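Enquirer: I'd like to ask some things about the structure below.
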Amino acid sequence: MQMPRAVGREAASRKYDILSALMAFALGEDKTVQRQVLRAMVLVTTRYNWQRDELSMGQAEIARLWAVDERTVKREMARLRAQGWLVLKRQGARGRVSVYGIDFDRMLDDTRPAWERIGEDFIARMNPAGAQAEPSNVIPLHKVPQPSGGGSAWATAQQILHGENAALYGSWLHMLTEAEITDGRLVLIAPTKFHATYVNTHLKDRLRRVLRMVDPALADVVVQV
50 MQMPRAVGRE
60 AASRKYDILS
70 ALMAFALGED
80 KTVQRQVLRA
90 MVLVTTRYNW
100 QRDELSMGQA
110 EIARLWAVDE
120 RTVKREMARL
130 RAQGWLVLKR
140 QGARGRVSVY
150 GIDFDRMLDD
160 TRPAWERIGE
170 DFIARMNPAG
180 AQAEPSNVIP
190 LHKVPQPSGG
200 GSAWATAQQI
210 LHGENAALYG
220 SWLHMLTEAE
230 ITDGRLVLIA
240 PTKFHATYVN
250 THLKDRLRRV
260 LRMVDPALAD
270 VVVQV
């Protein structure tokens, strides 16, 4: 999707929509994801230049804002870049800090499972064609039917994951396919590198918890391309 830039007469409402999507998404995730989203949000609200799509802030300043050390900042900024939320525009050098852009389209795509919790009016606004289309043309969120289950630990786990959060399952988990189980570790295959990175970063604890419920012998899970 292509989100209009948050400038001009409708800038304030677009900014609120972006922040609403991030907050609703975070509230449905674990503490690790919630902390990461909060850190991204505070960068947006305190130092991001919406007109120029620029975030220019040194690691020491970010560490002070986040109340962490600089090593944590370096690690977390790398995660945000790998996730596609931050885009490096100019590498810092000779006393100058790095300059980042923010990919709000990627943010909104990643938070899509939470949109239905905000409401149909929000979904309609976020539909790229919504301004020109009739309400009947609003594209609904993709819904995946209940997995049939049975046959393997992963098949049974899919049923549980769908029951816990159907939207999250439909967006990130139903496309994972089982490859093998070796030494108590389940290997799943994702369709893209970004998909695998996202699941490993944000959903691995959820997968591990459910798989241990299904089969206590499964100690770990890894998602590959």
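Just so it is clear: in the sequence shown, position 91 is 140 by this note's numbering, and no numbers are missing.
Even glycine gets a Cβ: it sits at the ideal position worked out from N, Cα and C.
In this text, all values refer to a predicted model and were calculated from it rather than measured experimentally.
#1: Output the distance between the C-alpha atoms of L71 and M156, rounded to the nearest integer angstrom.
#2: Which of the three DSSP states is assigned to N214 in this structure?
#3: Thinking just about the alpha-carbon of each residue, which of E165, V248, V146 is nearest to the one in G107?
#4: Return yes when the Cβ of A109 is within less than 9 Å of the Cβ of T121, no when it is not.
#5: Can the beta-carbon of Q83 be found less than 9 Å from the beta-carbon of E125?
#6: Okay, do the stretch 227-243 and the stretch 253-271 touch, 3+ Cβ pairs below 8 Å being the bar?
#7: In chain order, what residues of the same chain lie with their CB nearer than 7 Å to the CB of D264, ignoring the 5 residues before and after it?
#8: Consult DSSP for L252 and reduce its assignment to one of helix, strand or coil.
#9: From D154 to D102, what distance separates their C-alpha atoms?
#10: What do you reckon, is the C-beta of A109 under 8 Å from a heavy atom of the ligand MG?
#11: Can you check which of these residues, G212, G168, A89, K64, is closest to W115 by C-alpha distance?
#12: Which residues in the same chain as R139 place their Cβ atom closer than 7 Å to its Cβ, once the five residues preceding and following it in sequence are excluded?
#13: Is the CB-CB distance between R161 and S69 below 9 Å?
#14: Could you give the DSSP three-state label for Q81: helix, strand or coil?
#15: Determine the DSSP secondary structure at G150, reduced to helix, strand or coil.
#16: As a quick exercise: from E119, V93, R257, G141, pick the residue whose alpha carbon is nearest that of T134.
#17: So for L267, helix, strand or coil by DSSP?
#18: My output table needs one value for M155: the three-state DSSP class, helix, strand or coil.
#19: For A228, I'd like the list of residues in its chain whose CB is within less than 8 Å of its CB, leaving aside the five on either flank, ordered along the chain.
#20: Once you ignore the five residues that flank L87 on each side, which residues in its own chain have a CB closer than 8 Å to its CB?
#21: Can you name the residues that DSSP bridges to N176?
#22: Would you call P196 buried or exposed, if buried means 16 or more other Cβ atoms sit within 10 Å of its Cβ?
#23: Mind checking M262: buried by the 16 CB within 10 Å criterion, or exposed?
Expert: Looking at the atomic coordinates:
#1: Separation of L71 and M156 (C-alpha to C-alpha, rounded to the nearest whole angstrom) is 8 Å.
#2: coil
#3: V146
#4: No, Cβ-Cβ distance for T121 and A109 is not below 9 Å.
#5: no
#6: Contact between the stretch 227-243 and the stretch 253-271 is present, because at least three Cβ pairs lie under 8 Å.
#7: A202
#8: helix
#9: Spanning the two alpha carbons is a distance of roughly 13 Å.
#10: Inclusion of the ligand MG in the displayed structure is not the case, the ligand content being empty and no account of it being possible.
#11: A89
#12: S147, V148
#13: no
#14: Note on identity: in this sequence residue 81 is Thr, with Gln being the wrong assignment. Reduced to three states, the DSSP call for T81 is helix.
#15: Residue state, collapsed to three classes: strand.
#16: For clarity, residue 134 is Trp in the given sequence; the question names Thr instead. With distances taken between Cα atoms, W134 lies closest to V93.
#17: The three-state secondary structure of L267, taken from DSSP, is coil.
#18: Reading off the sequence, residue 155 comes out as Arg, not Met. Correct three-state label for R155: helix.
#19: Listed in chain order, the non-local C-beta contacts of A228 below 8 Å within the same chain comprise V236, L237, I238, Q273, local neighbours out to five positions each way being set aside.
#20: A75
#21: Under DSSP, N176 takes part in no beta bridge, so it has no partner.
#22: buried
#23: By the neighbour-count rule (16 or more Cβ atoms within 10 Å), M262 is not buried but exposed.
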